[in-house]
Amino acid sequence: MSKSTAARRIEELRTAIEEHNARYYVEHAPSISDREFDALLSELQQLEEQHPELVTPDSPTQRVGSDLTVGFQTVEHPRPMLSLANTYTREDVIEFDRRVRERLDEPYAYVAELKIDGVAVSLLYENGRLARGATRGNGEQGDDITRNLRTVRSVPLRTRAVEVGGAPLEHFEVRGEVFMRVANFEAMNAEREMSGEKTFANPRNSTAGTLKLLDPRIVARRPLEVFLYYLDSDAVRLSSHSENLELIARLGFPVNPHWRRCATIEEVIAYLDEWEHRRDELEYQIDGVVIKVDAIRHQRELGQISKSPRWAIAFKYEARTAETLMKGITLQVGRLGRVTPVAELEPVFLAGSTIARATLHNEDFIRERDIRVGDTVVIEKGGDVIPKVNEVVLTRRPPDAEPFVFPTICPCPLETTLHRPDGEANYFCEHAECPWQVRGRLTHFASRGAMDIDGLGEKVVDQFVELGWLRNYADIYDLHEHREEMAALERWGEKSVEKLLRGIDASRERPFARLIFALGIRHVGAAVARVLAAELNTIDRLMGATIEELVEVPEVGAQIAESIVHYFADEGNRQLIERLRRAGVTLEGPARARTPVVDSPLAGKTVVLTGTLAGYTREQATILIEERGGKVSSSVSKKTSYVLAGDEPGSKLEKARTLGVEILDEDAFVKLLEG
Numbered sequence: 000m001s002k003s004t005a006a007r008r009i010e011e012l013r014t015a016i017e018e019h020n021a022r023y024y025v026e027h028a029p030s031i032s033d034r035e036f037d038a039l040l041s042e043l044q045q046l047e048e049q050h051p052e053l054v055t056p057d058s059p060t061q062r063v064g065s066d067l068t069v070g071f072q073t074v075e076h077p078r079p080m081l082s083l084a085n086t087y088t089r090e091d092v093i094e095f096d097r098r099v100r101e102r103l104d105e106p107y108a109y110v111a112e113l114k115i116d117g118v119a120v121s122l123l124y125e126n127g128r129l130a131r132g133a134t135r136g137n138g139e140q141g142d143d144i145t146r147n148l149r150t151v152r153s154v155p156l157r158t159r160a161v162e163v164g165g166a167p168l169e170h171f172e173v174r175g176e177v178f179m180r181v182a183n184f185e186a187m188n189a190e191r192e193m194s195g196e197k198t199f200a201n202p203r204n205s206t207a208g209t210l211k212l213l214d215p216r217i218v219a220r221r222p223l224e225v226f227l228y229y230l231d232s233d234a235v236r237l238s239s240h241s242e243n244l245e246l247i248a249r250l251g252f253p254v255n256p257h258w259r260r261c262a263t264i265e266e267v268i269a270y271l272d273e274w275e276h277r278r279d280e281l282e283y284q285i286d287g288v289v290i291k292v293d294a295i296r297h298q299r300e301l302g303q304i305s306k307s308p309r310w311a312i313a314f315k316y317e318a319r320t321a322e323t324l325m326k327g328i329t330l331q332v333g334r335l336g337r338v339t340p341v342a343e344l345e346p347v348f349l350a351g352s353t354i355a356r357a358t359l360h361n362e363d364f365i366r367e368r369d370i371r372v373g374d375t376v377v378i379e380k381g382g383d384v385i386p387k388v389n390e391v392v393l394t395r396r397p398p399d400a401e402p403f404v405f406p407t408i409c410p411c412p413l414e415t416t417l418h419r420p421d422g423e424a425n426y427f428c429e430h431a432e433c434p435w436q437v438r439g440r441l442t443h444f445a446s447r448g449a450m451d452i453d454g455l456g457e458k459v460v461d462q463f464v465e466l467g468w469l470r471n472y473a474d475i476y477d478l479h480e481h482r483e484e485m486a487a488l489e490r491w492g493e494k495s496v497e498k499l500l501r502g503i504d505a506s507r508e509r510p511f512a513r514l515i516f517a518l519g520i521r522h523v524g525a526a527v528a529r530v531l532a533a534e535l536n537t538i539d540r541l542m543g544a545t546i547e548e549l550v551e552v553p554e555v556g557a558q559i560a561e562s563i564v565h566y567f568a569d570e571g572n573r574q575l576i577e578r579l580r581r582a583g584v585t586l587e588g589p590a591r592a593r594t595p596v597v598d599s600p601l602a603g604k605t606v607v608l609t610g611t612l613a614g615y616t617r618e619q620a621t622i623l624i625e626e627r628g629g630k631v632s633s634s635v636s637k638k639t640s641y642v643l644a645g646d647e648p649g650s651k652l653e654k655a656r657t658l659g660v661e662i663l664d665e666d667a668f669v670k671l672l673e674g
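Just so we're aligned: the sequence shown equals residues 0 to 674 in numbering that gives the first Met the number 0.
Written as structure tokens, this is what we have:
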């Protein structure tokens with residue numbers, strides 16, 4: 000194919016792919032199958048590989064970055080991103096309307112929009128192409144996160160052709176809110192738990208942390224979406240906010256469909272009342288309503304006070320709480336053995352549903368709040384997805400209420416002794432055949448990122464566990480013994496059985512790193528598993544490694560090392576490994592090729608991490624430090640160069656202060672990374 004022919008075909012493919020992306024992610028009305036879409040994208044990738052000079056930043060193939068960015072540049076917003084004044088009462092909304100009426104000499108209208116509980120961003124487009132994306136920052140300046148926002152599928156890299164008054168709308172700024180749908184957030188959290196990673200408290204925190212990540216490849220795997228609600232351009236004449244919302248949608252951006260133009264403040268109040276009752280119908284979280292004067296000329300006439308506009312206000316819904324009786328405290332065992340105390344409540348109706356259970360997080364949470372069975376408690380269903388106990392009504396505590404003593408035995412029939420690792424808030428049941436977690440462990444073992452066993456999905460795992468064929472992951476390699484019984488099952492047959500057994504056979508050849516990840520060892524995600532497979536390239540070396548040997552491995556700190564040693568100290572787990580060996584599963588891999596250390600202010604320095612970082616997982620921070628010649632240690636001493644402290648730091652921070660060790664916050668850490 001000639002270069003000119005390839006260029007035409009590439010342009011056709013890009014246009015088609017962006018149109019299908021808009022139909023799928025924005026309009027939620029796909030017109031082709033996933034297979035057909037993948038074929039278009041594959042053809043575009045092949046043509047761009049053959050003609051790299053034709054690759055452009057706005058190509059759909061460039062949505063996922065290919066390398067790591069160190070830090071973010073600070074950029075100026077074309078116009079300040081103003082913060083809205085908040086109000087919690089309808090009386091304040093009426094007062095807001097009075098102030099607007101006093102300043103305007105003619106009729107006016109409002110637009111009421113749902114206030115999405117997400118993260119505000121600004122997107123600049125030049126010639127209809129995404130040129131820059133930034134966070135709100137301080138309102139005047141924000142972080143340039145263009146590379147991350149390119150990975151959000153509902154953000155068009157090129158907009159549709161739209162004219163305003165005969166002039167093309169190609170140079171403009173739009174603003175909106177990046178968010179996660181609750182169902183997608185919960186699915187992502189479940190996957191992180193299976194990988195031994197820290198789970199997020201709520202969708203907004205997860206979204207904010209994701210947008211601060213330095214690796215766009217990780218961002219691309221998170222289920223981010225966006226609603227746009229603001230348009231500004233010097234190239235065309237814009238007349239009203241309601242018309243701007245329609246223009247934004249015509250350009251190909253997702254706009255929340257529930258906005259409403261209101262002729263009077265009474266209509267605005269009715270909108271507030273309606274969505275206070277309907278908010279639980281939504282698939283995403285909102286925390287209020289934004290009210291804006293509609294006409295742009297009215298907005299300009301009203302102006303602003305300090306950093307807040309006079310023409311808009313945010314009405315915030317109160318956190319939804321209720322009082323009820325705590326009837327008991329039970330233990331819930333997660334898919335990787337984490338034991339969570341759960342409040343068993345007198346059922347109470349709250350926020351659209353009846354609540355009978357709420358999380359108590361961990362032993363420390365219960366002790367700090369002195370929560371007891373028989374207490375009257377206040378529960379809240381707010382920003383967090385799971386209802387939580389907020390406080391105890393001490394004046395109503397019965398005199399015989401006893402302090403809660405956390406059990407040390409798993410509630411499962413195996414009655415395994417629970418383990419609370421040093422420095423952690425949670426207890427764990429680590430028996431490989433604990434029935435509370437066996438389904439989760441099996442599903443994880445067979446999942447695509449692990450052993451990738453075709454045909455062994457969650458429903459099949461449930462079925463085989465019920466039949467008694469699967470109690471642990473080693474049993475998977477004995478399923479051929481049930482071939483005839485499988486074929487006789489409802490909705491099964493010879494073809495389905497053959498597909499599953501072929502998938503099991505193929506999994507024996509998966510790389511050693513995939514097997515380590517599949518074992519489900521706490522804190523050992525896919526990246527750590529790859530390092531372990533390279534540094535300790537046989538299962539026997541891994542099983543025999545001490546904590547001291549493991550912490551010398553890049554990316555492995557004391558917490559991960561302890562988790563690995565504890566896992567292999569269990570005789571049951573070692574027996575399962577021997578069964579995998581007999582089944583012919585790959586239990587070794589090639590040695591790691593080491594990369595040279597780069598020159599950096601971190602070279603030769605020892606860094607201790609404590610708390611939760613907003614922009615990095617511990618694993619990512621460790622990689623960045625070690626790539627720059629530094630070393631990550633698990634304990635603070637006089638030899639420690641820096642302590643990197645995130646949110647909720649532990650005792651390591653106080654020890655650093657006592658020893659006079661320099662403490663870094665995340666901003667200082669980024670500056671060191673930049674050299």
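We put the CB at the ideal spot given by N, CA and C, even for glycine.
In or out: residue i buried (at least 16 other Cβ within 10 Å) or exposed?
{"i": "residue 2", "result": "exposed"}
{"i": "residue 456", "result": "exposed"}
{"i": "residue 143", "result": "buried"}
{"i": "residue 511", "result": "buried"}
{"i": "residue 666", "result": "exposed"}
{"i": "residue 176", "result": "buried"}
{"i": "residue 107", "result": "buried"}
{"i": "residue 296", "result": "exposed"}
{"i": "residue 93", "result": "exposed"}
{"i": "residue 458", "result": "exposed"}
{"i": "residue 664", "result": "exposed"}
{"i": "residue 59", "result": "buried"}
{"i": "residue 225", "result": "buried"}
{"i": "residue 101", "result": "exposed"}
What is the C-beta distance between residue i and residue j, in whole angstroms, given that I count them as a contact (C-beta under 8 Å)?
{"i": "residue 80", "j": "residue 135", "result": "5 Å"}
{"i": "residue 517", "j": "residue 449", "result": "4 Å"}
{"i": "residue 531", "j": "residue 550", "result": "Rounded, the Cβ-Cβ distance is 12 Å, inconsistent with contact."}
{"i": "residue 389", "j": "residue 442", "result": "About 33 Å separates the two Cβ atoms, so there is no contact after all."}
{"i": "residue 84", "j": "residue 239", "result": "No, residue 84 and residue 239 are not in contact; Cβ-Cβ is about 22 Å, not under 8 Å."}
{"i": "residue 336", "j": "residue 235", "result": "That belief does not hold up - the Cβ atoms of residue 336 and residue 235 are roughly 59 Å apart, past 8 Å."}
{"i": "residue 629", "j": "residue 601", "result": "4 Å"}
{"i": "residue 252", "j": "residue 173", "result": "6 Å"}
{"i": "residue 332", "j": "residue 409", "result": "7 Å"}
Who are the near neighbours of residue i in its chain, counting only those whose CB is closer than 8 Å to its CB and skipping five residues on each side?
{"i": "residue 68", "result": "For residue 68, the pLDDT reaches just 40, beneath the cut-off of 50, and the residue's location in the model is therefore unreliable, although a value from the coordinates is still provided. Closer than 8 Å at Cβ, skipping near neighbours: 146, 213, 214 and 215."}
{"i": "residue 282", "result": "180, 181 and 182"}
{"i": "residue 349", "result": "319, 320, 321, 378, 380 and 386"}
{"i": "residue 293", "result": "107, 108, 109, 110, 239, 240, 241 and 260"}
So, for residue i: in the same chain, excluding its five sequence neighbours on each side, which residues have a beta-carbon less than 7 Å away from its beta-carbon?
{"i": "residue 248", "result": "254"}
{"i": "residue 302", "result": "309"}
{"i": "residue 594", "result": "Low confidence applies here, because residue 594 scores a pLDDT of 47, under 50, leaving its location unreliable and the question unanswered by this model."}
Can you tell me which of the three DSSP states residue i falls into?
{"i": "residue 583", "result": "coil"}
{"i": "residue 535", "result": "coil"}
{"i": "residue 505", "result": "helix"}
{"i": "residue 127", "result": "coil"}
{"i": "residue 498", "result": "helix"}
{"i": "residue 644", "result": "strand"}
{"i": "residue 672", "result": "helix"}
{"i": "residue 335", "result": "coil"}
{"i": "residue 175", "result": "strand"}
{"i": "residue 377", "result": "strand"}
{"i": "residue 566", "result": "helix"}
{"i": "residue 215", "result": "helix"}
{"i": "residue 157", "result": "strand"}
Please work out which residues of its chain come closer than 6 Å, Cβ to Cβ, to residue i, disregarding the five sequence neighbours upstream and downstream, and give them in chain order.
{"i": "residue 424", "result": "361 and 363"}
{"i": "residue 131", "result": "123 and 145"}
{"i": "residue 0", "result": "none"}
{"i": "residue 290", "result": "109, 111, 267 and 312"}
{"i": "residue 148", "result": "132 and 154"}
{"i": "residue 169", "result": "126 and 127"}
**OP:** Identify every run of the alpha helix (DSSP H) within the region 411-479, keeping only runs that are complete inside it and at least 4 residues long; order them along the chain.
**Re:** The region 411-479 contains these whole alpha helix (DSSP H) runs: 437-445 and 457-466.
Original post:
Enumerated in chain order, which unbroken segments of the beta strand (DSSP E) with a length of 3 residues or greater are wholly contained in the region 251-303?
Top reply: Fully enclosed beta strand (DSSP E) runs of 3 or longer: 259-261 and 285-292.
Subject >> Runs of beta strand (DSSP E) lying entirely within the region 129-154, each at least 3 residues, in chain order >> reply: Correct list: 140-142.
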